[in-house]
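Shown next, in structure tokens, is the structure this report addresses.
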């Protein structure tokens, strides 16, 4: 559960004062909170993301290697939750609850 | 990839196994306190490859597995209420409570939703002002900054229909409890890489010194674990007992300061029950008085929900290394991933599930080294 997934910051924005970014995880993108790494990252950097929060910056080669290792070890549970939740928010929720 | 033979870095791993075996003049007993590491060790058969040199005890490193039964019962109670949307990480849904699990509550009509992040749960609360949204805040120190931020933001944004059912645990007090136990056999620890990414490793230094036990901050890939193991063996053979960092690519000694600061504003150390182990003093995070309004236990008056664990489940003995999962009489028969008696059989990071899925039929080391 403490694994986290490496991804690439492709965009930065703020949500009511909180530093956020869009992070690309091997083709799956989602909003990630950058509050805990905000001073050390910029667009194009790679971060380890755990339950929607970047917890550390890593270099590109390391990120790629870790992502592949997680894939090989079937330890991308977090990515599965992410996809699962993304799909539900598009199709599974009753219309009145859609964003 | 079931076995190391299929792993890209098999050659590096084999060389490390060889060096560990050469360095060890006796069998040393190591404990990892990270479910991700447990998964890797059992799945790749690292424990088999090191047999004779290293005995690996799979410690209480899976937060799903150590969440106490009564917290599950409280979650089940909340999830069954009409006015509540109960939100959780996916791996908590099948953990058995006294009567049922969260998945069964959902099947009966309870509104239970899997979220990826606690911020998703907060968002759900903002979009459903007529409902109470409760998030099941479990995890080790790695997850605490995320859950702390959700609570912090809820207050900042004035979201009053959001609360958290907290069952946070912290690693160092569990290590101390194990080391203080009269039947302790642990001679060195592999500390969890991402826990230390957040917290750093300064709090492990007094433990290493006092109990004369090497502690190696370690990643979760096979090569990381073997490197960490080698570092531990070298210390043990040389009579050293220090904190060393194998996982340098992610961990700094001081950890992630901004994350620690927010965690310390929202959470305070509390006594916490660990499933199968019992209460460990000051071993968990609870919300501070300042954030009491976001505490689901207080908000919904859950203190009266208490539970005793099934005596048939020997999770506690597994988590402290008294028995291996396969030595439990219920293993694979009355307890399996489809019908688990205890949490270590549920989570993919639990020791029992790892042995059930990957090591049950293994009779010989999977790789010649």
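Residue numbers (our numbering), protein chains in the order written: chain A, 1235 to 1333; chain B, 42 to 410.
Each residue gets a CB set at the ideal place from its N, CA and C atoms; glycine is no exception.
All values derive from a computational prediction rather than experimental measurement.
1. Contact criterion: CB-CB distance below 7 Å. Does residue 160 of chain B meet it with respect to chain A?
2. Looking only at DSSP bridge pairs, what is residue 393 of chain B linked to?
3. Could you work out which residue in B:134, B:160 and B:89 is closest to residue 153 of chain B when comparing CA atoms only?
4. May I ask you to report which of helix, strand or coil DSSP gives residue 210 of chain B?
5. From which residue to which residue does the beta strand (DSSP E) around residue 1289 of chain A run?
6. So, are the CB atoms of residue 277 of chain B and residue 229 of chain B less than 7 Å apart?
7. Could you list which residues in chain B have their beta carbon closer than 8 Å to that of residue 1301 of chain A, in chain order?
8. Note down the Cα distance separating residue 165 of chain B from residue 205 of chain B, rounded to an integer number of angstroms.
9. If we count the other Cβ atoms within 10 Å of its Cβ and call it buried at 16 or more, is residue 95 of chain B buried or exposed?
10. Determine whether the beta carbon atoms of residue 54 of chain B and residue 231 of chain B lie at a separation below 7 Å.
11. Which residue from A:1250, A:1270, A:1283 and A:1251 puts its Cα closest to that of residue 1264 of chain A?
12. Going by beta carbon distance, what residues of the same chain come within less than 7 Å of residue 261 of chain B, once the five residues before and after it are set aside?
13. Counting only runs that start and end within the stretch 246-280 of chain B, where is the alpha helix (DSSP H) found for 4 or more residues in a row?
14. Report the three-state DSSP secondary structure of residue 344 of chain B (helix, strand or coil).
15. Between residue 65 of chain B and the rest of its own chain, which residues show a CB-CB distance below 6 Å, the 5 nearest in sequence each way excluded?
16. Leaving out five residues on either side along the sequence, give the residues of the same chain with a beta carbon under 6 Å from the beta carbon of residue 304 of chain B.
17. Between which residues of its own chain and residue 386 of chain B is the CB-CB distance below 7 Å, once the five residues before and five after are set aside?
18. At a Cβ cut of 8 Å, what residues of the stretch 1281-1295 of chain A count as close to chain B, listed as they run along the chain?
19. Beta carbon of residue 292 of chain B, beta carbon of residue 211 of chain B: below 7 Å?
20. In whole angstroms, what is the alpha-carbon distance linking residue 1328 of chain A and residue 202 of chain B?
21. In or out: residue 58 of chain B buried (at least 16 other Cβ within 10 Å) or exposed?
22. Can you confirm whether residue 326 of chain B, when its beta carbon is compared against all beta carbons of chain A, has any partner nearer than 7 Å?
23. So is residue 1255 of chain A buried or exposed if we call it buried at 16+ other beta carbons inside 10 Å?
24. Would a C-beta distance cut-off of 7 Å place residue 117 of chain B and residue 146 of chain B closer than the cut-off?
25. With a threshold of 8 Å on Cβ separation, who are the neighbours of residue 68 of chain B within its own chain once the five nearest residues in sequence on each side are excluded?
26. With distances taken Cα to Cα, identify the nearest neighbour of residue 220 of chain B among B:208, B:256, B:308 and B:200.
27. Please check if any C-beta of chain A sits within less than 7 Å of the C-beta of residue 344 of chain B.
28. So, at 6 Å on beta carbons, what are the nonlocal neighbours of residue 84 of chain B in its own chain, with the 5 sequence-adjacent residues on each side left out?
29. With a threshold of 16 other CB atoms inside 10 Å of the CB of residue 216 of chain B, please say whether the residue is buried or exposed.
30. Excluding sequence positions up to five away, which residues of its chain have a Cβ less than 7 Å from the Cβ of residue 340 of chain B?
31. For residue 243 of chain B, which option in B:160, B:301, B:109 and B:123 has the closest C-alpha, if you only look at C-alpha atoms?
32. At the level of alpha carbons, what is the spacing between residue 1326 of chain A and residue 344 of chain B?
33. Which of helix, strand or coil does DSSP assign to residue 1235 of chain A?
34. Under 8 Å, with one C-beta from each stretch per pair, do the stretch 126-133 of chain B and the stretch 328-335 of chain B reach the 3-pair mark?
35. Determine the extent of the beta strand (DSSP E) in which residue 380 of chain B is found, giving its start and end residues.
36. In chain A, which residues lie with their C-beta within 8 Å of the C-beta of residue 297 of chain B?
On the basis of the data shown:
1. yes
2. None; residue 393 of chain B has no bridge partner.
3. B:134
4. strand
5. 1287-1292
6. yes
7. Here the premise fails: no neighbours, minimum Cβ distance about 11 Å.
8. 13 Å
9. buried
10. no
11. A:1283
12. 75, 77, 78, 81 and 234
13. 246-252 and 263-279
14. coil
15. 94 and 274
16. 185, 186 and 189
17. 376, 377, 378, 393, 394 and 397
18. 1282, 1284, 1285, 1286, 1287, 1289, 1290, 1292 and 1293
19. no
20. Because the pLDDT at residue 1328 of chain A is just 37, under 50, the model does not fix this residue reliably, and the value given afterwards should be weighed accordingly. Computed Cα separation, rounded: 20 Å.
21. buried
22. no
23. buried
24. yes
25. 93, 94, 95 and 96
26. B:256
27. no
28. 399
29. buried
30. 204
31. B:301
32. Reliability of the predicted coordinates at residue 1326 of chain A is poor, the pLDDT of 36 falling under 50, and the value obtained from them is presented with this limitation in mind. Cα to Cα, residue 1326 of chain A sits roughly 34 Å from residue 344 of chain B.
33. coil
34. no
35. Unbroken run through residue 380 of chain B: none, as it is neither H nor E.
36. 1270, 1271, 1289 and 1290
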